[in-house]
Amino acid sequence: MVTTRQRSLRRIAEISLVFIKMGFMTFGGGFAMLPLIREELIDRRHWLSEDRFLEVIAVAQALPGSLSINMSIIVGYEVAGLPGALSAVAGAALPPFLTITLVAAVFNRLQDNPVVDAAFMGVRCAVVALIWNAGMETAKLAVKDWRSWIILGVTIVIMMVTPLNPATLILVLAAIGSSAMMVRSWKARRATEMGKRKEGQDGIH
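Under the numbering used here, the first residue of the sequence shown is numbered 1, with each subsequent residue one higher.
Structure, rendered in structure tokens:
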């Protein structure tokens, strides 16, 4: 019979293995990892919902540090608490650590190799395609009405014409969104109160 502790340990090990797998299978890091992360966490493991996945991306991007590391900490904590967060961040950090160590050891020998240069060019093009695909998939989930389209358009323009940090932009838009929600809630409450007052006055007359 499998005990609760054994199930917890298995889940923690599973979290670590999932992030190790994603780290070794993804080139480009950051947003290039999003398609694989989405497939693993939503489609296969069902650890996150679509909406929660978008929230995790936004929070991870707004916080200092690597996007992949931040996401691993958040997801690991949600799935298995603090042990899950530690397991996830260890799994996410191991592949790039090993890869960079290996590349650093042979970089001077390979940096002028035309075959290696061509391979990296192909990888860079693939990373651009992956990021584009991740952006399109995320947009399908996040952009749901005309207000969202306006925010998306304004955000793209701001990022193209200003050197504003993405994290700062996310925080600013979050503040704007919260303010807009508060205004709508206030208007709705006021309309409800006005309606009740009118009904009361009609009842008196």
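In this text, a Cβ means the ideal position worked out from N, Cα and C, and glycines have one as well.
Checklist entry - Got a sec? Which residues, its chain only, sit under 7 Å from residue 63 by beta carbon, not counting five neighbours each side? => result Position 63 of the sequence shown, counted from the first residue, corresponds to residue 63. Cβ within range, chain order: 70.
Checklist entry - Taking just the CA atoms, how far does residue 24 sit from residue 56? => result The residue given as residue 56 occupies position 56 in the sequence shown. The residue given as residue 24 occupies position 24 in the sequence shown. Computed Cα separation, rounded: 21 Å.
Item to check | Burial state of residue 149, where buried means 16 or more other Cβ atoms lie within 10 Å | outcome: In the sequence shown, residue 149 corresponds to position 149, counting from 1. Exposed, by the Cβ-count rule.
Item to check | Segment contact, 8 Å Cβ cut-off, at least three pairs: the segment 156-165 with the segment 139-148 | outcome: Touching, no, given that fewer than three Cβ pairs across the two stretches are closer than 8 Å.
Checklist entry - Would you call the segment 72-86 and the segment 111-131 touching, i.e. three or more CB-CB distances under 8 Å? => result Not touching, per the Cβ criterion.
Checklist entry - From residue 164 to residue 151, what distance separates their C-alpha atoms? => result What you label residue 164 is simply residue 164 of the sequence shown in a count that begins at 1. What you label residue 151 is simply residue 151 of the sequence shown in a count that begins at 1. Cα to Cα, the separation comes out at about 16 Å.
Next on the checklist: In this structure, how does DSSP classify residue 163 when only helix, strand and coil are distinguished?
Outcome noted: The count along the sequence shown starts at 1 and reaches residue 163 at position 163. If DSSP states are grouped into helix, strand and coil, residue 163 belongs with coil.
Checklist entry - What separation, rounded to the nearest whole angstrom, lies between the Cα atoms of residue 42 and residue 120? => result As a position in the sequence shown, residue 42 is number 42, starting the count at 1. As a position in the sequence shown, residue 120 is number 120, starting the count at 1. When rounded, the separation of the alpha-carbon atoms in residue 42 and residue 120 is 30 Å.
Next on the checklist: When you compare the CB positions of residue 88 and residue 75, do they come within less than 8 Å of one another, or not?
Outcome noted: Taking the sequence shown and counting its residues from 1, one reaches residue 88 at position 88. Taking the sequence shown and counting its residues from 1, one reaches residue 75 at position 75. Closer than 8 Å, so yes.
Next on the checklist: Looking only at its chain, what residues have a beta carbon closer than 8 Å to the beta carbon of residue 32, apart from the 5 residues adjacent to it on each side?
Outcome noted: Along the sequence shown, one-based indexing puts residue 32 at 32. Scanning its chain for C-beta atoms nearer than 8 Å, with the 5 sequence neighbours on each side dropped, one finds around residue 32 the residues 26, 127, 130, 131 and 134, in chain order.
Item to check | Whole-Å CB distance - residue 12 paired with residue 80, under 8 Å assumed | outcome: Sequence index remark: in the sequence shown, residue 12 carries index 12 (1-based). Sequence index remark: in the sequence shown, residue 80 carries index 80 (1-based). Yes, residue 12 and residue 80 are in contact; Cβ-Cβ is about 5 Å, under 8 Å.
Item to check | Three-state secondary structure (DSSP) of residue 66 | outcome: Here residue 66 is taken as the residue at index 66 of the sequence shown, counted from 1. Residue 66: coil per DSSP, three-state reduction.
Checklist entry - Starting from residue 138 and walking both ways along the alpha helix (DSSP H), at which residues does that stretch end? => result Counted from its first residue, the sequence shown places residue 138 at position 138. That run of the alpha helix (DSSP H) goes 114-142.
Next on the checklist: Which residue marks the beginning of the alpha helix (DSSP H) containing residue 6, and which one marks its end?
Outcome noted: The sequence position of residue 6 within the sequence shown is 6, counting from 1. Residues 4-25.
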